[in-house]
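Taking it in order: structure first as structure tokens, then the write-up.
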Amino acid sequence: MHQLVIHYGELSTKGRNRKSFQQRLAEHIRLQTKHLENIKITVNHDFMHLLWEHTPVAEIVEILKTIPGISRFEPVHRVEKDLEQIKNKALELFEELTIKEGDTFRVVAKRSDKSFKYDTISLQREVGHVIGERYPEMGVDLRRPTHTLSISIHQNTGANLSLVSYQGLGGLP
């Protein structure tokens, strides 16, 4: 099953109207993807999860780029909130890349689940360390890396990892 996390920055600042904006955005996404099979949208406080099975990721990406209200979105890979699983998935994702000489990377972590054993800095260091060991030809660049691995730790949904992020149109739905 494929997954995307959709961020809608400005909507979360709209106070009591936020829920109606979120519903409107979810409805726009449903309308634009109605020709596709088995699309499931879950609305959370600051983001939406989009789940589907058969459609290529590239087709979904092109659809989402045209929908107002989306600030950015990223295909994610979900694992349990376990450091070893996170490290293994991070290495899997980097194995899919074509790494060229001079490529650099960084790891960016966020934790909405503060009960997770590692703080964001420790998590970034641990995961960055295993990537650096596996790919010694890649340097670390925290300002303008070639590849950014994003890790989000959530209370109910586990850990989401992503190496790709797309800009949306922004604005309101």
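When we follow the UniProt record's numbering, the leftmost residue of the sequence shown carries the number 1, and every step to the right adds one. Where is the CB? At the ideal position from N, CA and C, for every residue including glycine. Being a predicted model, the structure only gives us computed values, none of them experimental.
Next item on the list: Buried or exposed for E84, please, with buried defined as at least 16 other CB atoms from any protein chain shown within 10 angstroms of its CB.
Entry: Taking the first residue of the sequence shown as 1, we reach residue 84 at position 84. E84 should be labelled exposed.
Checklist line | Simplified DSSP state of R144, which is helix, strand or coil | finding: To locate residue 144, count along the sequence shown from 1; it is residue 144. Reduced to three states, the DSSP call for R144 is coil.
Note to self: Less than 9 Å between the C-beta atoms of V127 and L97, yes or no?
What the structure shows: Here residue 127 refers to the residue found at position 127 of the sequence shown. Here residue 97 refers to the residue found at position 97 of the sequence shown. No, Cβ-Cβ distance for V127 and L97 is not below 9 Å.
Next item on the list: Determine, using beta-carbon pairs with one atom in the region 35-44 and one in the region 84-95, whether at least three such pairs fall under 8 Å.
Entry: no
Next item on the list: Return the CA-CA distance between L25 and P173, expressed in angstroms with no decimal places.
Entry: For this step, residue 25 is matched to residue 25 along the sequence shown. For this step, residue 173 is matched to residue 173 along the sequence shown. Whole-angstrom Cα-Cα distance: 5 Å.
Note to self: Can you list, in chain order, the residues of its chain with a C-beta nearer than 8 Å to that of Q22? Leave out the 5 residues immediately preceding and following it.
What the structure shows: Position 22 of the sequence shown, counted from the first residue, corresponds to residue 22. The answer, listed in chain order, is Y8, L11, V43, M48.
Check: When DSSP labels each residue in this structure, what does V164 get in the three-state scheme?
Finding: Taking the sequence shown and counting its residues from 1, the one referred to as residue 164 is at position 164. The answer is coil: DSSP assigns V164 none of H, G, I, E or B.
Next item on the list: State the beta-bridge partners of I153 as determined by DSSP.
Entry: Start at 1 with the first residue of the sequence shown, and residue 153 comes out as number 153. According to DSSP, which records beta bridges pairwise, I153 is partnered with R111, A159.
Notebook entry, point to check: Assuming P145 and F116 make a contact with CB atoms under 8 Å, what is their CB distance in whole Å?
Noted result: As a working mapping, residue 145 is identified with position 145 in the sequence shown. As a working mapping, residue 116 is identified with position 116 in the sequence shown. About 24 Å separates the two Cβ atoms, so there is no contact after all.
Check: D103 to L169, Cα distance in whole Å?
Finding: On the sequence shown, position 103 is the one that residue 103 refers to. On the sequence shown, position 169 is the one that residue 169 refers to. Rounded to whole angstroms, D103 to L169 spans 29 Å at the Cα level.
Next item on the list: Return the residue from the list V76, N160, M1 that minimises the CA-CA distance to R111.
Entry: Here residue 111 is taken as the residue at index 111 of the sequence shown, counted from 1. The candidate whose alpha carbon is nearest that of R111 is N160.
Item checked: Where L51 sits in the DSSP three-state scheme -> Counted from its first residue, the sequence shown places residue 51 at position 51. It is a strand residue.
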